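Let me begin by presenting the structure, written as structure tokens, before commenting on it.
2 protein chains.
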Amino acid sequence: MAQMDSIAGLDPLRPITPQITQLLRARIIKNHLAPGNRISETEIASTYNVSRQPVREAFIKLQEQGLLTVLPQRGTFVSKIAYQAVLDAQFLREAIEADILLILASAPPKGLVANLRQQLETQRALGPNDAETFIQLDETFHRTLAEAAGKGGAWKQIEGLKSQMDRVRFLAMKQFPVDKLIRQHGQMVDALEQQNPTLAQRTLRQHLREVLSDLPIIIKALPDLFDLPDGKMPAPLNTPLPGSRPTSKGKSNDAA
Amino acid sequence: MAQMDSIAGLDPLRPITPQITQLLRARIIKNHLAPGNRISETEIASTYNVSRQPVREAFIKLQEQGLLTVLPQRGTFVSKIAYQAVLDAQFLREAIEADILLILASAPPKGLVANLRQQLETQRALGPNDAETFIQLDETFHRTLAEAAGKGGAWKQIEGLKSQMDRVRFLAMKQFPVDKLIRQHGQMVDALEQQNPTLAQRTLRQHLREVLSDLPIIIKALPDLFDLPDGKMPAPLNTPLPGSRPTSKGKSNDAA
DNA sequence: CTTGCCATACTTGCATACTAGCATGCAAGA
DNA sequence: TCTTGCATGCTAGTATGCAAGTATGGCAAG
């Protein structure tokens, strides 16, 4: 008798390890597996009717993305969302995308602006409640920018560090200021069209910092999902925005 | 009788996997394992007198860093140095470090400049032939900048993508323009001291692009170490340098 | 009731065994 | 000579077994 293949689909013909990895990653990012939860190789293995080996390799990959914490001989735990890691990921992404916009604004590839405006239409057509779809559209929008700048390869590199930010975005989905974000998208496209690098970059940086602005609120609402070094939330140390007079001393952001 | 522990040291008390990973990484980066070479899990396992398992996990990690290419059921190969990957890595690093310098130049932490000047002394004391030591000093210098900007955590993230660049640097070691690089370090420190973000950033970007300028020469000298899409070397698409008039159309770099 | 010890049942790290896909070389046939 | 099929030995993917360290719960001694 053929044994039951698994709980939820999992194609036994394709390699197991990446499938397990993606399944677990999705469950963690969408907070279906709560931070702090303990999971074990054997447990997951029996859940999906596979051996420990592919599960183990999935664990290793997820550990590298900061989604799991492996304590040898003790157990494996779903990582809490590390406040510092979110800040770091945001900083890295902002730095990279800022340069992408600099390239694009100095010489926008033919057809890019039209493409982006079309995406904007799709985004605007969205109801204000459909945050999950917007996240996908947002991702497409930003990836389009990277690819237009010839940095599609580089973009894939940073997808790994989006994990941390994505977890926050899924938590923040309810109070997503979707229309504001779309408006910023529009401003970025305008700046690109006008070949105004400073404005484009400035808008982008503010845009990407939106997720941070809600972070303190989310943390206060769901403190046990997060990992704060000393229970404190040091204000993010952000890159100064271009095109502003130097306002005294790095007074860009204040939270907590 | 105790069997011979291994060929070359390898502490059996500490976890095996990371040791194997580091050993192989070093051998690849220093080009002791030539690109294109075929290696197998069993082969490496018997070399170091361990089982396939830790070797396998090391392979996975190195694959993620782009140093190995695993073809299922066929073999594992030392990746050639992908021209595009080097460009991508350089672009990412430049974008990130540029933002780090922007932060530092807007508000240099107390004592940083003094620290950097001390490092400069050490660098200058080096003979022009000791390129390998310089690489280490250079790394310390740049890491110091990141940590001073409070981005030490972020720095660790990008260490992975240095792998590709490091391979090139080891190849370029002979014709390393050490004194030029040190001079640029000095200019960066000066710019930081003067709190001149534009100059600091501009110098940094030029500094990091040095490795690219030699790349075409190296490729022509050692073509079979590299992987070129169509045998062509498209010129790198660089971020425009700040503080320059827009010179026609992104005429910053021309190679090939 | 508290405290310290110990058996036990976990955990992951490592080793080994098995499966299936692929490359290679040789032999048989045209 | 060239082609084709297969045997053989490789590869990595997966499964399972073993070792060693850790947490836990119960029990005994105080």
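Order-wise, the sequence lines are chains A and B. Mapping of the first sequence onto numbering that gives the first Met the number 0: position 214 corresponds to residue 213, and the numbering continues sequentially without gaps. Mapping of the second sequence onto numbering that gives the first Met the number 0: position 221 corresponds to residue 220, and the numbering continues sequentially without gaps. Glycine residues also receive a C-beta, built at the ideal position from the N, C-alpha and C atoms. All values derive from a computational prediction rather than experimental measurement.
Asked                                                                                                                                                   : Found
Would the stretch 95-103 of chain A count as touching the stretch 59-67 of chain A if we require 3 or more Cβ pairs under 8 Å?                          : no
For the candidate residues B/D178, B/I19, B/G185, whose alpha-carbon lies nearest to that of B/S45?                                                     : B/I19
Would you call the stretch 123-136 of chain B and the stretch 232-241 of chain B touching, i.e. three or more CB-CB distances under 8 Å?                : no
In chain order, what residues of the same chain lie with their CB nearer than 6 Å to the CB of B/S247, ignoring the 5 residues before and after it?     : With a pLDDT of 39 at B/S247, under the threshold of 50, the predicted position of this residue should be treated as unreliable, though the coordinate-derived value follows. Here the set comprises nothing.
Helix, strand or coil, according to DSSP, for A/D10 in the structure here?                                                                              : coil
Take B/V85 as the anchor and find which of A/L224, A/Q194, A/A153, A/A25 has the nearest alpha-carbon.                                                  : A/A153
What separation, rounded to the nearest whole angstrom, lies between the Cα atoms of A/R37 and A/R26?                                                   : 14 Å
Hey, how far is the Cα of A/R204 from the Cα of A/M172?                                                                                                 : 20 Å
Apart from the five residues on each side of it in sequence, which residues of its chain come closer than 8 Å, Cβ to Cβ, to B/E96?                      : H141, L144, A145, L203, L207
Using a C-beta to C-beta distance shorter than 8 Å, which residues of chain A count as neighbours of B/E158?                                            : Here the premise fails: no neighbours, minimum Cβ distance about 12 Å.
Assign A/K109 to buried or exposed, taking buried as 16 or more other Cβ atoms, counted over all protein chains shown, within 10 Å of its Cβ.           : exposed
Go ahead and pull the three-state DSSP assignment for B/D137.                                                                                           : helix
What residues match up with A/D226 in a beta bridge as DSSP calls it?                                                                                   : A/A81
Check whether the stretch 74-83 of chain A and the stretch 218-236 of chain A touch, using three or more Cβ-Cβ pairs below 8 Å as the test.             : yes
Run through the stretch 49-121 of chain A for me and flag every whole alpha helix (DSSP H) of 4 or more residues, listed as ranges in chain order.      : 51-63, 82-105
Out of B/R73, B/P34, B/T197, B/E40, which has the shortest C-alpha to C-alpha gap to B/I59?                                                             : B/E40
Counting only Cβ pairs nearer than 8 Å, list the residues of chain B close to A/T238.                                                                   : D98, L101, I102
Determine whether the Cβ of B/E56 lies closer than 8 Å to any Cβ atom of chain A.                                                                       : yes
Could you check if B/N252 is buried or exposed, using at least 16 other CB atoms within 10 Å of its CB as the buried criterion?                         : The predicted model places B/N252 with a pLDDT of 41, which falls under 50 and marks its position as unreliable; any figure quoted below should be read in that light. It counts as exposed.
Given this structure, state the Cα-to-Cα distance separating B/K161 from A/Q156, to the nearest angstrom.                                               : 12 Å
In whole angstroms, what is the alpha-carbon distance linking A/P11 and A/F76?                                                                          : 26 Å
Could you check how far apart the C-beta atoms of B/E56 and B/T16 are, in whole angstroms? I think they sit under 8 Å.                                  : 5 Å
Between the stretch 84-98 of chain B and chain A, which residues of the former have CB atoms less than 9 Å from a CB of the latter, in chain order?     : A84, L86, D87, A88, F90, L91, E93, A94, I95, E96, A97, D98
Thinking C-beta only, is B/L224 closer than 8 Å to B/P14?                                                                                               : no
Please classify A/R244 as buried or exposed, where buried requires at least 16 neighbouring CB atoms within 10 angstroms.                               : Summary for A/R244: the model assigns pLDDT 46, below 50, so the residue's position carries little reliability, and this model does not support an answer.
If you count every other CB in all the chains shown that lies within 10 Å of the CB of A/S78, and 16 or more means buried, which is it?                 : buried
How would you label A/E42, buried or exposed, when you count the other beta carbons within 10 angstroms and need 16 or more for buried?                 : exposed
Please state whether the Cβ-Cβ distance between B/V112 and B/L191 is less than 8 Å.                                                                     : yes
With distance defined between alpha-carbon atoms, name the residue in B/K29, B/R116, B/I218 nearest to B/R182.                                          : B/R116
Alpha carbon to alpha carbon, how far is B/H31 from B/L23? Give it in angstroms, no decimals.                                                           : 10 Å
Using the rule of at least 16 other Cβ atoms within 10 Å of the residue's Cβ for burial, across every protein chain shown, is A/K179 buried or exposed? : exposed
Hey, could you find the ends of the alpha helix (DSSP H) A/K219 is sitting in?                                                                          : 196-220
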